[in-house]
Structures are given as C-alpha cells and as structure tokens.
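Counting the sequence shown from 1 gives a position; our numbering is that position plus 47. Down below is the structure, laid out as structure tokens.
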Amino acid sequence: MKWQRALRKARASGQPDPVIQDLVPLSINLDLTTACNYACDHCIDWDILNQKVKHDDAVLRSQMRELAARGMQSVILIGGGEPTLFPTFVDFVRFLKEDLRLQVSVVSNGSRNDKILEIAPYLTKGDWVRLSLDSGSNDVFQRMHNPSKKSLTLDEICAWIPKIKRANPAFQMGFSFVITWQGAERDDTRVVENIQEIVEATKRARDAQFDYISFKPFLERAETGSEVMDPAHMEGELKKVIARIRESVDAAKALETPTFRVLESTNLRMLLEQSWADYTKQPRVCHMQALRQVVNPHGTFNCPAYRGVSYARVGGRDAYKDRSSVREAVGTTTALLDNFDASVNCKEVTCLYNQVNWWLEELCSNDVDLDAMQIVSNGRDTFL
Ligand code: SF4
C-alpha cells in the first residue's frame with residue numbers, strides 16, 4: 048500500500064518510480080503437477096491437464112525456501128492436476144510443514160487417500176484437506192469424474208476419512224461439492240447435473256466424519272481465459288433453478304451438527320442472491336495479485352482465475368528460485384499491477400476478492416494513516 052501510494056505520488060509530480068523491496072505473495076496456490084487420473088466433465092483446467100511440463104523437485108523446494116524467507120505464510124496444493132500424483136508429494140508436504148513451518152492445505156480428488164493418510168501426521172491446526180467429490184451417489188460420482196480406475200466409488204473414498212481423522216484430528220477434512228445444472232457445458236461436453244444430490248452428499252459427508260461440506264457453483268472458462276460464472280446457460284427458468292438449489296442447500300443446512308458444518312461459497316451466495324453482476328466491477332488495479340499468486344508447471348500467474356493465461360504471467364514455473372529470480376518476479380508483478388487492467392480483463396469474473404480489492408484501492412487513494420491501522424489476526428488462517 049505504501050509503495051502504491053508513493054508510486055502514484057511520484058508519477059503525479061513527474062518523479063521517477065520509487066524502488067520496491069522484495070515483495071513476495073503472502074500465500075500461493077501451488078499446482079504440483081498437470082497429471083490427473085480423472086476426466087471430470089466440469090474441469091475448469093481441462094486444457095492444461097496431462098501435459099509434458101513438470102516441476103523440478105529441487106528447484107521447487109528452493110522457490111519455497113526463498114518465498115518463505117521473504118514472508119510467504121501459506122501454500123495451497125491444488126488444481127491444474129491431482130497433487131497426490133506428484134512423485135514426492137508426501138515428503139514435499141513434510142518439507143513445507145517441518146522445514147519451512149508454513150500453513151498447508153490440499154485439494155485432492157480423493158483417489159489416493161493413502162497419500163492423505165501419510166501426510167496427516169505433518170498437518171497442524173488451521174491446515175485443511177478438501178476432497179472434490181461433487182456427488183452423493185456412486186453413479187453420479189463416476190459419471191461426473193470418470194476416474195481412470197473404473198471401479199473407484201464414493202463409498203471407497205469416504206471409507207478413508209475415519210482412518211485419516213484417527214491419525215490426526217487436528218486439521219479439517221472437507222467434502223467439496225461444485226453444483227452443476229442442466230445446460231452447463233465445458234467446451235462441447237454436457238456436464239452432469241447434481242442439484243438433486245446435494246442433500247444425499249451432505250448426509251454422506253456427515254456420516255463419513257468430514258468436518259464440513261462446502262458448496263460452490265460451476266464455473267466456465269471465458270474466451271478471455273478467465274474463470275466465470277455464467278448462469279445464462281442454465282436450462283429452464285433461472286429463478287426456478289436457483290430456487291431448487293436454495294431449497295436443497297437449506298435442507299442440507301438442517302443436517303449440521305456441532306461437529307459438522309455446511310458452508311456456502313461466496314460465489315454461491317452471489318448466485319442465490321442473484322447479485323453476481325455486482326462482483327464483476329473491479330478497480331483498475333488488482334491489488335490481490337501481489338498478495339496471492341499461482342505457481343503451476345506452465346508458469347507462475349497472477350491469479351487462480353488465470354492459470355495458464357499468457358497475459359497474466361508473472362514468470363516461469365521456476366519464478367522466485369533464487370535472489371535474482373525473486374527480483375525478476377517482483378519486477379513482473381509490479382508491471383502487472385501497472386498494466387493488467389482488472390476493470391477490463393476481469394469484467395466478466397465474479398471476483399471473490401472484489402470487495403477486498405476495492406478496500407485496498409481506497410487505502411491507496413486516500414489519506415488513511417496506514418501506520419495507525421491495527422493489524423487483527425486470528426493467528427492461524429493465512430490462506431488467501
Ligand atoms: S480482480 Fe479478481 S479475478 Fe481479476 S486478477 Fe484480481 S483477484 Fe483475479
């Protein structure tokens with residue numbers, strides 16, 4: 048914020064741009080691999096899966112060391128492939144936890160819960176593992192995810208959860224459910240509808256000892272490369288489909304217990320309140336791209352909504368691997384702060400960070416005394 052303010056002041060008075068220190072993201076999404084053993088009909092990263100590009104384990108560890116030494120707090124092992132397929136997945140999690148003392152979370156498709164059981168002892172309070180399951184029945188699970196092991200069932204996946212919880216109850220285990228509707232498509236593939244399974248999935252998640260189930264709406268990739276919510280493709284009357292989702296999510300909420308929560312994502316709230324257009328008006332500068340980035344085998348990008356998109360590129364997959372590469376990535380990040388016009392590029396995106404970006408923009412443009420602001424932290428959640 049201080050640098051942005053100084054930059055704007057310097058430019059207004061015709062002075063040279065102020066130098067920025069080694070500012071690195073507070074949190075990253077780290078896509079360990081592009082390999083995936085499912086072929087999900089609703090996969091947003093379809094075009095960048097199962098490619099030859101790979102991380103080099105030693106380089107990746109060096110990147111994490113450099114980032115952690117400069118203030119990075121947390122890593123989400125997620126997307127663009129199945130993280131547990133990374134050859135050194137278990138030791139890599141141990142490295143992040145024991146050597147670098149970072150907060151770690153994992154988003155997995157649930158096919159290799161033996162690996163989740165192996166990392167369980169390293170995870171601590173505030174960490175989480177979320178399985179993308181999106182269904183309540185074995186039939187819908189298999190039709191939506193097309194696992195390479197054809198016999199894999201939701202029953203088999205969920206049977207691991209009590210074992211994992213017994214190994215370490217300190218971290219949260221989540222069941223993730225992307226809500227899909229008739230008319231939803233990925234390229235020319237029709238996506239299987241699952242609204243009718245919301246309640247069944249919730250019962251299953253609760254009975255399997257997950258700590259929560261979280262619901263979010265299906266996203267599509269727009270022509271600009273960004274991930275967008277486009278309910279215009281819903282078949283049937285929009286209001287009626289939304290009412291069906293609302294009714295099912297409310298019924299799911301009635302299944303909450305003191306140890307099991309039902310969560311609605313910000314995107315889902317936007318859909319149900321039909322307020323998504325409000326979140327597509329972004330400030331010109333996206334401040335979040337300096338605070339949270341994505342490291343993927345295809346390169347390093349400014350936002351999870353722009354994996355693999357060339358104009359959102361911060362650097363190669365080895366960005367931040369040493370001092371000179373940190374300087375380079377800081378340079379491209381500041382260039383993106385300058386040139387990536389979020390008010391144009393993200394005008395179709397229902398951005399989760401919309402409000403925080405506007406708040407940060409306000410702090411940059413007015414005279415609030417930043418030093419007088421109080422830093423409030425719950426001390427354990429640094430994921431962005
Ligand atoms: S405005 Fe939102 S969607 Fe666009 S780059 Fe920033 S965080 Fe991502």
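All C-beta atoms, glycine included, are put in the ideal place defined by N, C-alpha and C.
Per DSSP, cross-strand counterpart(s) of residue i
i    : result
I123 : N76, S152
N343 : G346
F222 : L178, I260
T236 : R233
A310 : Reading off the sequence shown, one finds Leu at residue 310, where the question assumed Ala. Looking at the DSSP assignment, L310 forms a beta bridge with S261.
G360 : Residue 360 is actually Arg in this sequence, not Gly. According to DSSP, which records beta bridges pairwise, R360 is partnered with F348.
T304 : F307
Closest Cα partner of residue i within the set the options
i    : options                : result
R251 : W50, F222, Y367, L431  : F222
M276 : R316, G355, S60        : R316
I75  : M111, A299, T236       : M111
T304 : D258, M48, E408        : D258
K172 : L407, F218, S155       : F218
V239 : D416, Q62, C90, G127   : C90
E294 : S261, T313, C350, Q243 : Q243
M119 : D69, K394, F265, V225  : D69
C83  : L285, L431, Q229, K196 : K196
I211 : D235, V309, K162, A116 : K162
D234 : S198, G362, D94        : D94
N215 : S261, K263, A86, L164  : L164
D92  : A115, V106, G128, L107 : G128
V106 : A86, V342, A167        : V342
P360 : H102, T379, E375       : First, the residue type needs correcting, since residue 360 is Arg and not Pro in the sequence shown. The candidate whose alpha carbon is nearest that of R360 is T379.
L199 : Q189, I208, R253       : Q189
F430 : V151, F133, D103       : V151
L318 : T347, D385, K263, F348 : K263
D31  : L149, T227, D78        : Since the first and last residues shown for the chain are 48 and 431, residue 31 lies out of range.
P458 : K49, A86, D104, L124   : Any question about residue 458 goes unanswered here, given that the chain covers just 48 to 431.
P209 : A167, A299, Q229       : A167
G346 : L132, T381, N156, H102 : H102
S182 : V176, Q256, D202       : D202
R364 : P63, T80, N241         : T80
N156 : K394, A366, Y85, S109  : Y85
Buried or exposed (CB count within 10 angstroms, at least 16 for buried), residue i
i    : result
L383 : buried
L407 : buried
M42  : Past the edges of the chain, shown from 48 to 431, lies residue 42, and the structure says nothing about it.
P130 : buried
T306 : exposed
M420 : exposed
K368 : buried
L266 : buried
V422 : It is worth fixing the name first, because residue 422 is Ile in this sequence and not Val. When all chains shown are included, I422 counts as exposed.
V100 : exposed
G126 : buried
P72  : buried
P344 : buried
Y358 : exposed
R370 : exposed
V415 : exposed
L180 : buried
S412 : exposed
V225 : buried
L417 : exposed
A231 : buried
N97  : exposed
P194 : buried
V66  : exposed
Q51  : buried
E116 : Reading off the sequence shown, one finds Ala at residue 116, where the question assumed Glu. By the neighbour-count rule (16 or more Cβ atoms within 10 Å), A116 is not buried but exposed.
Any non-hydrogen atom of ligand 2 closer than 8 Å to residue i Cβ
i    : result
W228 : For the structure depicted, ligand 2 is absent and the ligand set comprises only ligand 1.
Name all residues in chain order for which at least one heavy atom of ligand 1 lies closer than 5 Å to the residue's CB.
-> Q329, C333, M335, C350, A352, A389, C393, V396, C398, Y400
Quick check: the stretch 396–407 against the stretch 138–151, are there 3 or more CB pairs under 8 Å?
-> no
Is there contact between the stretch 330–339 and the stretch 385–398, where contact requires at least three CB pairs shorter than 8 Å?
-> By the Cβ criterion, the stretch 330–339 is in contact with the stretch 385–398, since at least three pairs of Cβ atoms, one from each stretch, lie closer than 8 Å.
If you pair each beta-carbon of the stretch 55–62 with each one of the stretch 311–326, do three or more pairs fall below 8 Å?
-> no
Hey, is the stretch 333–346 in contact with the stretch 282–301, meaning 3+ C-beta pairs nearer than 8 Å?
-> no
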